[in-house]
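In the numbering used here, the protein residues as written are 9 to 79.
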């Protein structure tokens, strides 16, 4: 069974993959983001992720390197 077989579009599948990949370190930043009063939502998650990558000086979507620098 695939996501495509379940009726998901290519865009929906990509969004699910991006959400999963980004959540790999977002869950570790929850207390920090909460303390900064930043609410992560499906709507703003990508924008926040891009900002975090920019702050640590890592090319967007290189999550392992971003997490390495955040630690």
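The beta carbon of each residue, even a glycine, is placed where N, CA and C say it ideally should be.
Open item on the list: Under 8 Å: do the region 63 to 74 and the region 45 to 53 share three or more Cβ pairs, one atom per stretch?
Closed with: Output reads no: the region 45 to 53 does not touch the region 63 to 74.
TODO: Give the straight-line distance between the Cα atoms of residue 74 and residue 57, rounded to the nearest whole angstrom.
DONE: 10 Å
- [ ] Any chance you could list the alpha helix (DSSP H) runs of at least 4 consecutive residues sitting entirely within the region 21 to 78, in chain order?
- [x] 38 to 43, 53 to 64, 71 to 78
Task: Cα-Cα separation between residue 59 and residue 16, rounded to whole angstroms - done: 28 Å
TODO: Name the residue from 22, 33, 14, 19 whose alpha carbon lies nearest to the alpha carbon of residue 72.
DONE: 33
Open item on the list: Please report the distance separating the alpha-carbon of residue 41 from that of residue 19.
Closed with: 27 Å
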